[in-house]
Amino acid sequence: MERGAACCFHSTGLENDFPFETVAVKIFPCEEYASWKNEKDIFSNTDLRHENVLHFLTAEERKVEKQYWLITAFHPRGNLQEHLTHNVISWEELQVLASSLSLGVAHLHSDRLPCGRPKVAIVHRDLKSSNILVKNDLTCCLCDFGLGLMLTTPGHSVLQVGTARYMAPEVLEARLNLENMESFKQTDIYSMALVLWEMTSRCKAIGEVKDYEPAYGSKVREHPCVESMKDNVLRDRGRPEIPDSWLRHQGVAVVCATIMECWDHDPEARLTAHCVAERITELEDEMDKLSNRSSSEEKIPDEQKIPTDVEIPEMVKITEIQDIIAVDCSVSDEK
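Note that the UniProt record's numbering has the sequence shown beginning at 1, numbered continuously upward.
In structure tokens, the structure reads:
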């Protein structure tokens, strides 16, 4: 949410008008009318309502002040980038943040509601940690749909949009297939992978946790241009580093494998948001089983334990860890 004056936020007590004691008011100057209208139109679609999407209340044209307002729920924890900057997160918190993010993106991209009724698929086109809010329960909710696009018909005439640091290779290269609506979703998945990497980089489970850095960190300037990102992402085929030490934790290794599948250079090789959400859910269940199994083993007296000669390697390869979770994504996405 970094487009100058279009992103001023104020909170005010309006409990008589809305079911919240405090609301957020996003103020657009008159020259940002197009962005305001696009976000208002997307938010006005009641099918967008989801616990991992910012709760929209109303929009107002303030003609006297020459301003346009969007009024939404207020989340005092701020955005994900701020949260990660000031907090080192636990493994459990990483699971909650990652799961809720993928569920929010999956809802956007879906062309059906859980009840089976058709829904217009939406792509965000500017996913990044500063465009994701953290709720009090530490779940994520997506916000800032100024560049969002409703996928109603193919053949959209779309310019190169988004934040350069988080742009997918095909967007940087301007080779997005405008006739294929799925190609827009795949760009969101790449951006989501970078956000998942940022979350993981601040998790205690990886071992040594460094200060927060956005994806690609110091490899590029604070606000890199498209050409700079082309050099890193296209010419050098670079991605944020995943140190070997991160992979010593079984759960983190699965998350890292998922991240790498989501930022694949080939858009069609990337996972869907629905598959990512399912994988993280399966991971939570599997880790719970391992935890319960460990607790049970601790209660067994040493003399009753069955001896074993199996050695557990210090380092578990990603390819081996992926076998823990057998989610058939192709089948899941057809449900």
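Even glycine gets a Cβ: it sits at the ideal position worked out from N, Cα and C.
None of these values were measured; they are calculated from a predicted model.
Proximity winner among the options, relative to residue i (alpha-carbon distances)
i, options, result
"N232", "C262, A106 and A168", "A168"
"M260", "L196, K204 and A277", "L196"
"K230", "H265, E198, I206 and G251", "H265"
"T139", "H75, E198, R202 and V88", "H75"
"R77", "E268, T85 and D144", "T85"
"S191", "G207, D236, P240 and D244", "P240"
"A215", "E32, Y166 and G207", "Y166"
"V220", "V23, D236 and V276", "D236"
"E21", "W36, E60 and T72", "T72"
"L113", "L48, T58, M287 and I89", "L48"
"D244", "S201, N131, Y33 and D41", "S201"
"Y33", "E61, R279 and G238", "E61"
Sequence-distant residues of its chain with Cβ nearer than 6 Å to residue i (five each side left out)
i, result
"L176", "E170 and S183"
"G162", "R125 and D126"
"W36", "F28 and Y68"
Exposure of residue i, with buried meaning 16 or more beta-carbon neighbours within 10 Å
i, result
"Q67", "buried"
"K128", "buried"
"C203", "buried"
"N45", "exposed"
"G207", "exposed"
"D137", "exposed"
"E31", "exposed"
"K210", "exposed"
Beta-carbon contacts of residue i that lie in its chain and below 7 Å, excluding the five residues immediately before and after
i, result
"C115", "none"
"A193", "I259, C262 and W263"
"L172", "V226, M229, K230, V233 and L234"
"P224", "A164 and R165"
"V276", "S102, T258 and C262"
"V64", "none"
Three-state secondary structure assigned by DSSP to residue i
i, result
"P118", "strand"
"C141", "strand"
"N87", "coil"
"T308", "Only weak support is given to the placement of T308: the predicted model assigns it a pLDDT of 37, under 50, and the question is left unresolved by the model."
"W36", "helix"
"P219", "The question names Pro, yet the displayed sequence has Lys at residue 219. If DSSP states are grouped into helix, strand and coil, K219 belongs with the helices."
"C203", "strand"
"Y68", "strand"
"R175", "coil"
"I132", "strand"
"P169", "helix"
"V96", "helix"
"V23", "strand"
"L149", "strand"
"E61", "strand"
"V209", "coil"
"P29", "strand"
Whole-number beta carbon distance between residue j and residue i, since they are thought to touch under 8 Å
i, j, result
"P149", "C141", "Checking the displayed sequence, the identity of residue 149 turns out to be Leu instead of Pro. Actually they do not touch by this definition, with Cβ atoms about 19 Å apart."
"L151", "I122", "7 Å"
"H249", "A205", "4 Å"
"V53", "H109", "Wrong, their Cβ atoms sit about 12 Å apart, outside the cutoff."
"M181", "L94", "Contact flag wrong, Cβ pair sits at about 31 Å."
"Q186", "P267", "4 Å"
"T281", "S99", "7 Å"
Same chain, Cβ closer than 8 Å to residue i, five either side skipped, listed in chain order
i, result
"A174", "Q160"
"L97", "L80, I89, V134, L138, T139, C140 and M199"
beta-carbon residue i near the ligand MG non-hydrogen atom, thresh 7 Å
i, result
"F28", "In terms of ligand content, the structure shown is empty, and the ligand MG therefore cannot be addressed."
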